[in-house]
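In mature numbering (1 follows the signal peptide of the UniProt record, and there is no 0), the protein residues as written are -22 to -1, 1 to 417.
Notes follow the structure.
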């Protein structure tokens, strides 16, 4: 018996002195499986002692998950397209600096926008633009002109042929919304968003619901982040993607979460995504993202692949991430209360306006013209103007702790009022449009 125990004891002592196996890296991301699986396979092959786990959540849910998870139990990496989401996490002290693993070959800026966070809390991993994806077969069949700008999707001919999602359900849609608001100004931007939503057949549950709908012909067109449109195009779907003048080229970021379990391994994954090998994965047809590394540092750039520097030069939008972050939850809530939750009412008001315009033609009576103008104003004007959204009291409520009873009560009251007012406005707009048609 003693002879058997001695070898076993020796083996246990050897194991006790051996280094611990590297841990698992958990990544919270909103990116599609085609992208995450490519990185998982390549990273695990290069680092066989580390396992990569993907926790797929939309950006807003991902932020909430990190906030609600205790330090020491959090995932290692946050990876998403929306720079303002990273600002929210950084302000809550939920990110850890990772400047020591930044790739020095990455340029400092894209246009005038810093690729890496000046504070060092997150790093640009890819570049992202926002635009319109459309189904070439469907628009040909319905005799719709290919869209070249956001305004094109507001035409009556596009009623029922657009697909969108909500900024509260998608970080990329939030960036699209902010890009339009900053490019056109608050009041005109909301007019564009409300009218586009009025023309929409549906508001999808997730951001990828829009490109999926365009791919399969459910929608003729919709606003998407560029890689959704480009990956479908290069995968031979009957689609095109365009960057309007009101677009923004901003970094899709990656960051180390503070209070994670396996920080060292998390850093290894981030460093891999910024390496030449990690950046070249972005060029795969099923991924089709814009790398942060200059094309001169990479090989085999597909013919006709978009040049982010040229797009940034053409864009009218100098994206202000601080402005976006300051009104992050106001924009989401206003969109949901007046568009998402009142979508059917908005659709009916928009349809009534188009029907009245078609019936009245080019020579409406003064009364009809006045009623129709009033209907449009009621239906397509935001409930908050550009000054009201800056109210310190309003900003304080939306920036407050949602678990605080007083804050929660104030939020519910504001949101309820917006919802009720939107419903009343749409109903009155529809009635006025019908009245104008009868005149």
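All C-beta atoms in this analysis are idealised placements derived from N, C-alpha and C, irrespective of residue type, glycine included.
Through-space distance from residue j to residue i, alpha-carbon basis
i           : j           : result
residue 331 : residue 350 : 7 Å
residue 218 : residue 305 : 32 Å
residue 236 : residue 42  : 14 Å
residue 189 : residue 209 : 10 Å
residue 230 : residue 410 : 45 Å
residue 232 : residue 169 : 33 Å
residue 359 : residue 294 : 23 Å
residue -2  : residue 268 : Model confidence at residue -2 stands at a pLDDT of 43, short of 50, so the residue's coordinates are unreliable and nothing is read from them.
residue 370 : residue 203 : 32 Å
residue 400 : residue 163 : 21 Å
residue 279 : residue 158 : 30 Å
residue 12  : residue 213 : 12 Å
residue 261 : residue 396 : 44 Å
residue 282 : residue 200 : 22 Å
residue 156 : residue 71  : 24 Å
Selection from the options that minimises the alpha carbon distance to residue i
i           : options               : result
residue 319 : 398, 200 and 154      : 398
residue 82  : 272, 280, 11 and 265  : 272
residue 361 : 252, 84, 338 and 392  : 392
residue 87  : 286, 145, 167 and 162 : 286
residue 198 : 208, 389 and 137      : 137
residue 227 : 48, 190, 150 and 182  : 150
residue 78  : 155, 249 and 113      : 249
residue 193 : 216, 382 and 173      : 216
residue 173 : 60, 200 and 328       : 328
residue 33  : 56, 23, 207 and 46    : 56
Opening and closing residue of the beta strand (DSSP E) in which residue i lies
i           : result
residue 140 : 140 to 143
residue 57  : 55 to 58
residue 29  : 29 to 34
residue 7   : 2 to 7
Where the alpha helix (DSSP H) through residue i begins and ends
i           : result
residue 397 : 383 to 416
residue 483 : There is no way to answer for residue 483, as the model of the chain reaches only from -22 to 417.
residue 309 : 306 to 313
CB contact flag (residue i, residue j, <9 Å)
i           : j           : result
residue 107 : residue 143 : no
residue 98  : residue 76  : yes
residue 408 : residue 353 : yes
residue 146 : residue 310 : yes
residue 69  : residue 301 : no
residue 225 : residue 152 : no
residue 191 : residue 180 : yes
residue 20  : residue 255 : yes
residue 117 : residue 128 : no
residue 93  : residue 44  : no
residue 356 : residue 403 : yes
residue 51  : residue 239 : yes
Beta-ladder partner(s) of residue i, from DSSP
i           : result
residue 111 : 200 and 219
residue 52  : 238
residue 232 : 57 and 101
residue 73  : 235
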